[in-house]
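Student: Got a structure for you, questions after.
Number of protein chains: 2
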Amino acid sequence: MISIYESFENLSEAKKQAILNAGFRVFGEYGYSKASVEEIAKEAGISKGSLFYYFKNKRNFFLYLYKYAAHLMKQLVDSPDGNGIPKYMEKTDFFERLEDVKERKMKLAILHPYMSSFIKKAPFETSQEVYKDIQIINQRLAKERIGDFLKNIDIYKFKDGIDPYMVLQLLTWCSEGIVHHFQLISLADPDNKQNEVDYDRVLSLYDQYVAMIKNNFYKEEYL
Amino acid sequence: MISIYESFENLSEAKKQAILNAGFRVFGEYGYSKASVEEIAKEAGISKGSLFYYFKNKRNFFLYLYKYAAHLMKQLVDSPDGNGIPKYMEKTDFFERLEDVKERKMKLAILHPYMSSFIKKAPFETSQEVYKDIQIINQRLAKERIGDFLKNIDIYKFKDGIDPYMVLQLLTWCSEGIVHHFQLISLADPDNKQNEVDYDRVLSLYDQYVAMIKNNFYKEEYL
DNA sequence: ACATACTTGACCAAATCGGTCAATACATTT
DNA sequence: AAATGTATTGACCGATTTGGTCAAGTATGT
Chain A
1 MISIYESFEN LSEAKKQAIL NAGFRVFGEY GYSKASVEEI AKEAGISKGS LFYYFKNKRN
61 FFLYLYKYAA HLMKQLVDSP DGNGIPKYME KTDFFERLED VKERKMKLAI LHPYMSSFIK
121 KAPFETSQEV YKDIQIINQR LAKERIGDFL KNIDIYKFKD GIDPYMVLQL LTWCSEGIVH
181 HFQLISLADP DNKQNEVDYD RVLSLYDQYV AMIKNNFYKE EYL
Chain B
224 MISIYESFEN LSEAKKQAIL NAGFRVFGEY GYSKASVEEI AKEAGISKGS LFYYFKNKRN
284 FFLYLYKYAA HLMKQLVDSP DGNGIPKYME KTDFFERLED VKERKMKLAI LHPYMSSFIK
344 KAPFETSQEV YKDIQIINQR LAKERIGDFL KNIDIYKFKD GIDPYMVLQL LTWCSEGIVH
404 HFQLISLADP DNKQNEVDYD RVLSLYDQYV AMIKNNFYKE EYL
């Protein structure tokens with residue numbers, strides 16, 4: 001990632017991740033205008049002064065986060081190295097390719113637990129300070145994502161009348177719903193003081209839904 | 224609804240709805256601690272002083288909103304009059320009963336567009352001023368809802384190995400996903416300055432997903 | 001020892017916060 | 001029309017928080 005924020009990017013990986021995650025969490029929870037730089041710095045384990053040293057001001061930091069997130073979301077469907085045929089494209093079976101993306105998403109969710117809520121809220125940002133910039137990034141973001149997944153997919157394996165796009169959409173909402181479900185559970189669990197989500201259980205439940213979908217949407221000869 | 228806030232409840236219906244909706248919107252967007260009473264009052268078209276006149280303080284107002292929302296959510300699956308057999312229970316077919324609930328949800332979504340985001344965010348509230356009270360209300364809320372829907376349902380109509388609970392869950396996430404999808408679209412549409420969601424399109428898309436599910440999860444003789 | 005880059009926390013003016021209250025407007029009763 | 005009680009307002013308050021600055025200090029490399 002080319003950037004003018006060298007001082008930030010020369011930081012240790014652990015420190016960078018701590019700062020990014022703190023930003024995702026606080027901006028994601030309160031939105032741009034109500035998020036406090038002080039709170040972010042505290043959560044990242046650095047001083048407020050340092051944050052301003054890295055990014056000059058609040059706006060720059062927020063937009064850096066959003067671009068960073070958009071970049072990662074793009075990488076999710078593109079090839080990791082950015083050129084040539086995306087790796088997951090080698091597989092033409094819908095559910096095999098889904099398995100690939102699932103693992104990537106999982107790694108991302110563990111690396112940046114609050115990125116998804118941040119990226120979900122950002123488009124609704126109304127602060128004039130940033131909302132123009134957000135829209136520009138959004139346009140690039142919307143075009144990619146779900147569209148490319150279906151390229152070169154063996155759609156003939158689906159039963160007649162089934163739209164693979166709808167199936168993909170359904171499973172996407174399903175995975176989001178499951179994560180949210182377990183977030184609620186972790187909140188209600190007094191033993192889990194960190195409110196960490198149990199991703200093993202998320203995955204196994206998700207797999208159940210995938211299996212149900214596949215069993216009934218695929219032609220029998222391809223099960 | 225029995226209440227100590229008579230001065231509020233004696234208001235005209237239009238005024239009450241405006242105040243409730245403003246509260247849902249602002250609390251839902253920023254959370255309890257960062258939500259500004261001033262902003263809520265402005266959006267509701269009243270003065271800040273009036274809001275304090277009705278509810279004494281911020282906390283009371285927030286908890287009133289949450290109880291109000293919980294009450295409506297309960298009504299969604301219960302009978303409207305609160306006693307006797309819920310109306311929708313008369314129908315034992317999964318998708319017929321779903322149709323019933325769908326219409327109720329739709330009316331609710333039009334009456335209180337921001338209630339769902341409010342109620343989705345509230346459980347994650349960390350402000351010590353309110354979080355204890357939220358947990359208490361949550362426990363009552365969690366038990367109801369999705370569980371009762373399946374009572375007396377003709378589960379034999381589903382193909383073997385299909386869990387109706389999972390189907391219901393899937394369709395719930397689906398409807399939420401569709402609404403969110405159209406919210407994004409309305410944001411990107413420069414002609415739609417009010418960012419109003421087109422519920423006709425929401426419904427028709429939702430119906431497509433329901434049809435797909437039903438066609439493949441129901442035994443053929445019940446289609 | 002020197003220079004450079006990083007890090008901090010006290011500090012600032014400005015804005016915002018929840019909440020109060022005297023004044024006013026309105027409606028109803030006498 | 002006078003009196004009474006209720007709604008409604010917006011200016012106002014002290015307290016807190018805000019984004020941002022900066023001088024002073026630490027760490028690092030040469």
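Line order of the protein sequences matches chains A and B. For the first sequence, the positions run 1 to 223 when our numbering is used. For the second sequence, the positions run 224 to 446 when our numbering is used. The beta-carbon is built from N, C-alpha and C at its ideal position, and this holds for glycine as well.
Determine whether the beta carbon atoms of S256 of chain B and S350 of chain B lie at a separation below 8 Å.
Tutor: Cβ distance < 8 Å, so S256 of chain B and S350 of chain B count as in contact.
Student: Going by CA-CA distance only, name the one from B:E266, B:Q392, B:L391 and B:N418 that's closest to H404 of chain B.
Tutor: With distances taken between Cα atoms, H404 of chain B lies closest to B:N418.
Student: Would you verify that the beta carbon of N216 of chain A is, or is not, closer than 8 Å to some beta carbon of chain B?
Tutor: Judged by the 8 Å Cβ criterion, N216 of chain A is in contact with chain B.
Student: When we look at the beta-carbon of E252 of chain B and count the other beta-carbons within 10 Å, is it buried (16 or more) or exposed?
Tutor: E252 of chain B is buried by the Cβ-count criterion.
Student: So the candidates are A:N138, A:F149, A:K132 and A:K56; which of them puts its Cα closest to the Cα of T92 of chain A?
Tutor: Closest option to T92 of chain A, Cα to Cα, is A:F149.
Student: Note down, in chain order, all residues in the region 337-370 of chain B with a beta-carbon under 7 Å from any beta-carbon belonging to chain A.
Tutor: Against chain A - using a Cβ distance shorter than 7 Å - the residues of the region 337-370 of chain B are P346 and F347.
Student: Kindly indicate which three-state DSSP category Y218 of chain A falls into: helix, strand or coil?
Tutor: Strand at Y218 of chain A.
Student: What in chain A is Cβ-close to Y228 of chain B, meaning under 9 Å?
Tutor: Those within 9 Å of Y228 of chain B in chain A number zero; the least Cβ separation is about 27 Å.
Student: Within its chain, find whatever has a CB closer than 8 Å to the CB of V101 of chain A; leave out the 5 residues flanking it on each side and keep chain order.
Tutor: So the list reads L76, V77, Y88 and F149, once near-sequence residues are dropped.
Student: Report the rounded CA-to-CA distance for M166 of chain A versus V433 of chain B, giving the unit in angstroms.
Tutor: The straight-line gap from Cα to Cα measures roughly 11 Å.
Student: Counting C-beta neighbours from all protein chains within 10 Å, is the total for G246 of chain B 16 or more, i.e. buried, or is it exposed?
Tutor: G246 of chain B should be labelled buried.
Student: Is there a Cβ of chain A sitting closer than 8 Å to that of I376 of chain B, yes or no?
Tutor: False, the Cβ-Cβ gap to chain A never drops below 8 Å.
Student: Assuming the contact rule is C-beta atoms closer than 8 Å, V420 of chain B and S409 of chain B should be a hit. Round their C-beta distance to whole Å, please.
Tutor: Yes, they are in contact, since the Cβ atoms of V420 of chain B and S409 of chain B sit about 6 Å apart, within 8 Å.
Student: Let me check one thing: in DSSP terms, what residues is F381 of chain B bridge-paired to?
Tutor: F381 of chain B pairs with B:Y441.
Student: Quick one: Cα of H112 of chain A to Cα of V26 of chain A, how far?
Tutor: The alpha-carbon atoms of H112 of chain A and V26 of chain A are separated by roughly 13 Å.
Student: Under 8 Å between the Cβ atoms of A18 of chain A and A44 of chain A?
Tutor: In contact: A18 of chain A and A44 of chain A (Cβ atoms closer than 8 Å).
Student: From this set, B:N283, B:E348 and B:N280, which residue's C-alpha is nearest L184 of chain A's C-alpha?
Tutor: Of B:N283, B:E348 and B:N280, the residue nearest in Cα terms is B:E348.
Student: Taking Cβ-Cβ distances below 8 Å as the criterion, which residues of the region 191-215 of chain A are in contact with chain B?
Tutor: If the cut-off is 8 Å between Cβ atoms, the region 191-215 of chain A has Q208, Y209, M212 and N215 near chain B.
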